[in-house]
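Undergrad: So that we are looking at the same thing, I have put the structure below in structure tokens.
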Amino acid sequence: MALVTPDIGTIFWMLLMFTILLIILKKFAWKPILSALNKREKSIEDSLRSADRAREEMIQLKADNEIILAEARLERDNMFKDTKQISEKILSESRLKAHEEARLLIEATKKVIENEKTLAVDEIRRQIAGLSVDIAEKILQEKLKDDKQQKELVNKLLQDIKLN
Amino acid sequence: MNRKIISYILGALLFFILFAARPVQQDQHQDNTPDSHATEAISTEEHSGETDPLSSQEHEEEGFSPSNFIFDHILDAYEWHILSHKGFHLSIPLPVIIYSETKGMNVFMFNKFHHGHSDYAGFRYETHGENRGKIVEIMEDGSTVAPKLDLSFTKNVLSLLIGITILLLVFLSVAKAYTRRPNQAPTGLQNLMEVIILFIRDDIARPSIGEHKYMKFMPFLLTIFFFIWFNNMLGLIPIFPGGANVTGNITVTMVLALFTFGIVTINGNKNYWLHIFNMPGVPWWIKVPIPLMPVIEIIGMLTKPFVLMIRLFANITAGHIIVLGFFSLIFIFGEMSPGLGYGVSILSIAFTIFMTMLELLVALIQAYVFTLLSAIYFGMATEEHH
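Chains as they are written, first to last, in the numbering used here: chain H, 1 to 164; chain Y, 1 to 386.
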């Protein structure tokens, strides 16, 4: 019978202890735990939502990027083309210019050479004339050592002149 | 590995002996006084002449009584008996707090009674008869009566205190973990408890009570769940800090059921009381001349906490009785022949291990059932008319 008879002393202690336990746990355990759980759940939900939003933004950004990339590519191609044209133009122009300059240089050089040549020829001529006179003098001196020979030469020269 | 386990067990044993032996030393010390020696001698003489079965620990050599053995373990006591060996009793005496009309308030330790061998301050510990296991007051004419108020700090109360201490230690530390690391993944003990807390919240409270009102009842539901579960498991530990039959004590389950009943009654809304006193949708003649329906409803209202009380008490006590029954078998057969006792012990231990496993499950299931039913009753009390 003692097994199923409630005991007043145990009722007293159980009521006291359980009430204290309930109050302490409610205030210092369940309240912080439940609010922390709620807060965490909310923060997880928020993060998931913001992750979704970020993903959408990423997709949008990617699309934008592609457009920008395509534009950039086009621009680059255009720039290449332009540059090529410009460089070709510069190249051909410079080639023409070089040709022209080369021609002018060659002409100037030719003129200089011509001048030098005439000068040289004159010089040579002058020297040759001098030399000829010297040689002729010497030959004449040799040939005209005696009178007979002198006469003969004069005659011959005279004959030549006549012939001419 | 084995050595580690053995040293652990030895350490635990040593701890219990050191911790628990102190009151026994005190006991023996008091025994040395010639006066108490004399009374003890007399009372032992008286005992040997009696045939009435006494508590098993004092009658090991006189024949084993399984019913006394079992009831000594599952009933409340004024001391926490740990072990007895050939007249050596290792037990923790607990404070006796008794109020009587003639003697007023009395507070003393239970070992003053010397296990019922001597009276103290006009009180006697009854070892037999109607008030067996209770402290009675000795009147002037020599008759004994139950005292007016016995608020003794008994074995169950101490076990309750141990259980509550564990609960507070566990959940205050878990709560601290939440405030110390907000918005982070739980770890360790916090993780283990969070699973259960979330289960109680999402699978017990929310569906039973409803999304808008469940939060109000959460602290109570969590407290009773963990209180019942922890105390159930403490009851399964066979030695000192555990082993008391707290959740198998009808008073404890009664108080728990009364809490549920009280909360239901306080929070019952108009709809709830309407269904009790004037059930809508039934013919008027079962309500008006004879209030048949209201009477049935009021009985139903009282039956709910009563069933809660009985279910938990019966389940836990039954588990203890079965385990103790298996152990009784060892001593019953041991009395026939020691060899038979040893043989049966193998079987008994195997069955006890099995039963303890089962009881571990029951400990959780009963905590769950008590919490779930409480939540359902709260849901019924706060349900809106639809």
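Backbone N, C-alpha and C define an ideal beta-carbon position, used for all residues, glycine too.
#1: Starting from F227(Y), find everything on chain H with Cβ-Cβ shorter than 8 angstroms and list it in chain order.
#2: So I239(Y) is in the alpha helix (DSSP H); what residue range does that whole segment cover?
#3: Skipping 5 residues on each side, what residues in its chain have a beta carbon closer than 7 angstroms to that of T260(Y)?
#4: With a CB to CB cut of under 8 angstroms and the five nearest residues on each side skipped, what residues in its chain are close to E200(Y)?
#5: Taking any Cβ of chain B, which residues in the stretch 161-177 of chain Y have a Cβ under 7 angstroms from it, in chain order?
#6: Classify G268(Y) as helix, strand or coil using the three-state DSSP reduction.
#7: Compare the C-beta of A36(H) against all C-beta atoms of chain Y and say whether one is closer than 8 angstroms.
#8: By DSSP's criteria, P93(Y) is part of a beta bridge. Which residues make up the other side?
#9: Rounded C-beta distance between T154(Y) and D76(Y)? I'm assuming under 8 angstroms.
#10: Starting from M105(Y), follow the alpha helix (DSSP H) in both directions and report where the run begins and ends.
#11: Taking 8 angstroms as the threshold (C-beta atoms), are A36(H) and F171(Y) in contact?
#12: Using 10 angstroms around the beta-carbon of W229(Y), count the other beta-carbons present and answer buried if the total reaches 16, otherwise exposed.
#13: Using the beta-carbon count (16 or more within 10 Å), is F80(H) buried or exposed?
#14: To the nearest whole angstrom, what separates the beta carbons of V252(Y) and L234(Y), a pair I think is in contact under 8 angstroms?
#15: By the DSSP assignment, the beta strand (DSSP E) with Y125(Y) in it spans what residues?
#16: Counting contacts by CB-CB distance shorter than 8 angstroms, is L25(H) in contact with chain Y?
#17: Measure the CB-CB distance between Y99(Y) and P147(Y) and report whether it falls below 8 angstroms.
#18: Grab the span of the beta strand (DSSP E) containing I135(Y) for me, first residue to last.
#19: Buried or exposed, going by whether 16 or more other CB atoms sit within 10 Å of the CB of A41(Y)?
#20: Quick check on T5(H): does DSSP put it in helix, strand or coil?
#21: How about V107(Y) and P95(Y): are their beta carbons less than 8 angstroms apart?
#22: Relative to chain H, which residues along the stretch 122-150 of chain Y have a C-beta separation below 7 angstroms, given in chain order?
#23: Report yes or no: do three or more beta-carbon pairs, one from the stretch 12-19 of chain H and one from the stretch 156-167 of chain Y, lie closer than 8 angstroms?
#24: Rounded to whole angstroms, what is the Cα-Cα separation between Y78(Y) and K270(Y)?
#25: What does F12(H) touch in chain Y if you count any residue whose Cβ is under 8 angstroms from its own?
#26: Going by C-alpha to C-alpha distance, which of I310(Y), I239(Y), G248(Y) and P294(Y) sits closest to F227(Y)?
#27: Helix, strand or coil for I113(Y) per DSSP?
#28: When DSSP labels each residue in this structure, what does L151(Y) get in the three-state scheme?
#29: For D46(H), go through chain Y and note every residue whose CB falls closer than 8 angstroms to its CB, in chain order.
#30: Is the CB of M79(H) under 8 angstroms away from at least one CB in chain Y?
#31: Quick one: does the C-beta of P93(Y) sit closer than 7 angstroms to a heavy atom of the ligand GDP?
#32: Over what stretch of residues does the alpha helix (DSSP H) that includes Q127(H) continue unbroken?
#33: Short of 7 angstroms in beta carbon distance, which residues of its chain neighbour F351(Y), apart from the five on each side in sequence? Order them along the chain.
#34: Taking only three categories from DSSP, how would you classify T144(Y)?
#35: What's the gap between the Cα of V24(Y) and the Cα of I346(Y)?
TA: According to the data block:
#1: For F227(Y), the chain H residues whose C-beta falls within less than 8 angstroms of its own C-beta are F18 and L21, listed in chain order.
#2: Counting along the chain, I239(Y) falls outside any alpha helix (DSSP H), and DSSP gives it neither H nor E.
#3: Non-local C-beta neighbours of T260(Y) in its own chain, meaning closer than 7 angstroms and more than five positions away in sequence, comprise P305, L308, S374 and Y377, ordered along the chain.
#4: First, the residue type needs correcting, since residue 200(Y) is Ile and not Glu in the sequence shown. The answer, listed in chain order, is M218, L221, L222, F225 and T371.
#5: This model lacks chain B altogether, as its protein chains are H and Y.
#6: Coil.
#7: yes
#8: E79(Y)
#9: With 8 angstroms as the limit, T154(Y) and D76(Y) qualify as a contact, their Cβ atoms being about 5 angstroms apart.
#10: Here M105(Y) belongs to no alpha helix (DSSP H); instead the beta strand (DSSP E) covers G104 to M109.
#11: no
#12: buried
#13: Around the Cβ of F80(H), a 10 Å sphere holds fewer than 16 other Cβ atoms; the residue is exposed.
#14: With a Cβ gap of about 12 angstroms, V252(Y) and L234(Y) do not count as contacting.
#15: F123 to Y125
#16: yes
#17: Taking 8 angstroms as the Cβ cut-off, Y99(Y) and P147(Y) qualify as a contacting pair.
#18: Unbroken beta strand (DSSP E) run through I135(Y): I135 to I138.
#19: Note that A41(Y) scores 36 on pLDDT, short of 50, meaning its location in the model is unreliable; the coordinates nonetheless yield the value given after this. Exposed.
#20: T5(H) falls in the coil class under three-state DSSP.
#21: yes
#22: G133, L149 and D150
#23: yes
#24: Going by C-alpha positions, Y78(Y) is about 46 angstroms away from K270(Y).
#25: Within chain Y, the residues near F12(H) are L151.
#26: G248(Y)
#27: The amino acid at residue 113(Y) is misidentified as Ile; the sequence shows Phe. Reduced to three states, the DSSP call for F113(Y) is helix.
#28: coil
#29: Result: empty, since nearest Cβ-Cβ is about 10 angstroms, beyond 8 angstroms.
#30: No, M79(H) lies away from the interface with chain Y (no Cβ there is under 8 angstroms from its Cβ).
#31: Because no ligand of any kind appears in the structure shown, any question about the ligand GDP cannot be addressed here.
#32: K31 to K143 is the span of the alpha helix (DSSP H), which, as asked, contains Q127(H).
#33: F326
#34: strand
#35: With a pLDDT of only 39 at V24(Y), under 50, the local geometry of the prediction cannot be trusted, and no value is derived from it.
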